[in-house]
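Reviewing the structure listed below.
In our numbering, the protein residues as written are 83 to 193.
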């Protein structure tokens, strides 16, 4: 599925449920909440959190759901804020390529 198709499908979904009317701050806070769930998986992967310390380990199969939910919420936020995320990403990626050229980074690692 192309990026524009994903955005359009999500937009239709949000319109049908009247979810595009949520304020940006609510969508942003929900996004942070979902990213926190992704972070919880990472903390268990590096043994920063463990079950022996009383924490409940998240299920591995839930990680992909948390990432997908985060992705959907980021897209929703971009729609609420009227940002063309595909265009913004393309422009930002050009900047990143110039700012962080591979040759320069490879030379830095060798030092």
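For every residue, glycine included, the Cβ atom is placed at its ideal position computed from N, Cα and C.
Review point. With distances taken from CA atoms, which of 120, 187, 84, 162 is nearest residue 142?
Key: For the purposes of this step, residue 142 is identified with residue 60 of the chain shown, where counting begins at 1. Looking from the CA of residue 142, the closest CA among 120, 187, 84, 162 belongs to 120.
Point to revise | Beta-carbon proximity check, residue 112 vs residue 140, cutoff 7 Å | key: Here residue 112 is taken as the residue at index 30 of the chain shown, counted from 1. Here residue 140 is taken as the residue at index 58 of the chain shown, counted from 1. At a Cβ-Cβ threshold of 7 Å, residue 112 and residue 140 do not count as neighbours.
**Study point:** Proximity below 7 Å, CB of residue 159 to CB of residue 109
**Key:** By one-based count along the chain shown, residue 159 stands at place 77. By one-based count along the chain shown, residue 109 stands at place 27. Contact: yes.
Point to revise | Candidates 102, 83, 146: closest to residue 163 by CA position | key: As a first step, residue 163 must be located in the chain shown, where it is residue number 81. Among 102, 83, 146, the Cα nearest to that of residue 163 is on 102.
Check your understanding: If residue 146 and residue 116 are in contact, beta carbons under 8 Å, what's the gap, nearest whole angstrom?
Key -> By one-based count along the chain shown, residue 146 stands at place 64. By one-based count along the chain shown, residue 116 stands at place 34. About 12 Å separates the two Cβ atoms, so there is no contact after all.
**Study point:** residue 176 to residue 126 span [Cα, whole Å]
**Key:** Taking the chain shown and counting its residues from 1, one reaches residue 176 at position 94. Taking the chain shown and counting its residues from 1, one reaches residue 126 at position 44. Spanning the two alpha carbons is a distance of roughly 35 Å.
Exercise for review: With a cut-off of 8 Å on the beta carbons, I'd call residue 149 and residue 157 a contact; round off their distance for me.
Suggested key: Here the question's residue 149 lines up with position 67 in the chain shown. Here the question's residue 157 lines up with position 75 in the chain shown. Separation of the CB atoms of residue 149 and residue 157 is rounded to 13 Å, and the pair is thereby denied contact status at 8 Å.
Check your understanding: Alpha carbon to alpha carbon, what distance is there between residue 83 and residue 91?
Key -> Along the chain shown, read from residue 1 onward, the residue named residue 91 stands at position 9. Along the chain shown, read from residue 1 onward, the residue named residue 83 stands at position 1. For the pair residue 91 and residue 83, the Cα-to-Cα distance works out to about 10 Å.
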